[in-house]
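First up is the structure itself, then whatever we jot down about it.
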Amino acid sequence: MSAIPQGARSVLDEADISRALTRIAHEILERAKGAEDVMLLGIPTRGATLAKRLAARIADVEGTTVPVGFLDVTMYRDDLRLKPARALERTEIPDEGVDGRLIVLVDDVLYSGRTIRAALDALNDLGRPRAVQLAVLVDRGHRELPIRADYVGKNLPTSQRESVKVRLREHDGVQHDAVYLGIESETAI
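Numbering (full-length UniProt numbering), first residue to last: 1 to 189.
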């Protein structure tokens with residue numbers, strides 16, 4: 001079970017997260033003019049959970065199933081030598097493949113942009129999508145690369161000293177989903 005970060009305050013509760021995901025699902029459908037060639041690829045760990053939730057909301061609205069996959073970017077990160085070793089997550093691409101599809105990368109927090117750059121590199125090795133878009137639950141700013149999200153649940157201006165922690169039932173074993181803002185005491189997200 002993943003505890004609430006000490007000294008952190010809640011900035012999004014379960015209802016806020018639910019509304020944000022519903023809005024993002026509608027925005028994806030509106031921009032794509034339906035769900036026909038949309039594929040969601042969640043970046044583990046919490047991005048994978050959010051991608052599944054978005055797919056469920058799209059299915060509720062459109063009555064059609066949107067393919068969902070998971071894209072581990074660990075081996076594409078530019079900080080592998082700077083941080084402790086991390087376990088590889090699952091990469092799982094739907095049978096349809098990514099070629100010619102509208103790929104929506106899904107992640108929980110957008111910060112420096114380096115994880116998304118790694119995701120783009122990983123995606124490049126899998127094929128050639130028609131287009132790639134980005135959906136994030138929280139955009140906290142402080143970009144180091146020219147990357148921006150197409151769909152944002154909440155823009156949350158932060159200082160470099162602050163941390164944003166997303167807690168989801170499926171992944172963290174908590175009773176209620178939430179996003180917390182606190183003073184950084186561990187490695188930056």
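Every residue gets a Cβ at the ideal spot worked out from N, C-alpha and C, and that includes glycine.
Exercise. Apart from the five residues on each side of it in sequence, which residues of its chain come closer than 8 Å, Cβ to Cβ, to residue 169?
Worked result: 175, 176, 177
Problem set entry | Simplified DSSP state of residue 99, which is helix, strand or coil | Reduced to three states, the DSSP call for residue 99 is coil.
Exercise. If you run the structure through DSSP and keep just helix, strand and coil, what is residue 149?
Worked result: In the structure shown, residue 149 sits in coil (DSSP, three-state: anything other than H, G, I, E or B).
Exercise. Is residue 43 helix, strand or coil when you go by DSSP?
Worked result: coil
Exercise. What whole-angstrom Cβ distance do residue 108 and residue 21 have, given they're in contact under 8 Å?
Worked result: For residue 108 against residue 21, the beta-carbon gap comes to about 11 Å, at or over 8 Å, which does not count as contact.
Problem set entry | Reduced DSSP secondary structure (H/G/I, E/B, other) of residue 83 | coil
Problem set entry | Three CB pairs or more closer than 8 Å across the segment 25-41 and the segment 56-74 | The segment 25-41 and the segment 56-74 touch, with no fewer than 3 CB-CB distances between them shorter than 8 Å.
Problem set entry | Expected contact under 8 Å - CB spacing of residue 44 and residue 72 to nearest Å | 6 Å
Exercise. Tell me, which residues are paired with residue 181 by DSSP?
Worked result: According to DSSP, which records beta bridges pairwise, residue 181 is partnered with 9, 164.
Exercise. Between residue 173 and residue 179, what straight-line distance do the alpha-carbon atoms span, to the nearest angstrom?
Worked result: 14 Å
Exercise. Span of the beta strand (DSSP E) holding residue 88?
Worked result: Per DSSP, residue 88 belongs to no beta strand (DSSP E) and is neither H nor E.
Exercise. Which residues in the same chain have their Cβ closer than 7 Å to the Cβ of residue 122, if we skip the five residues on either side of it in sequence?
Worked result: Spatial neighbours of residue 122 in its own chain (CB-CB distance under 7 Å, excluding positions within 5 residues in sequence) are listed in chain order as 71, 73, 76.
Exercise. Since residue 73 sits in a beta bridge, which residues does DSSP pair it with?
Worked result: Residue 73 is not bridged to any residue.
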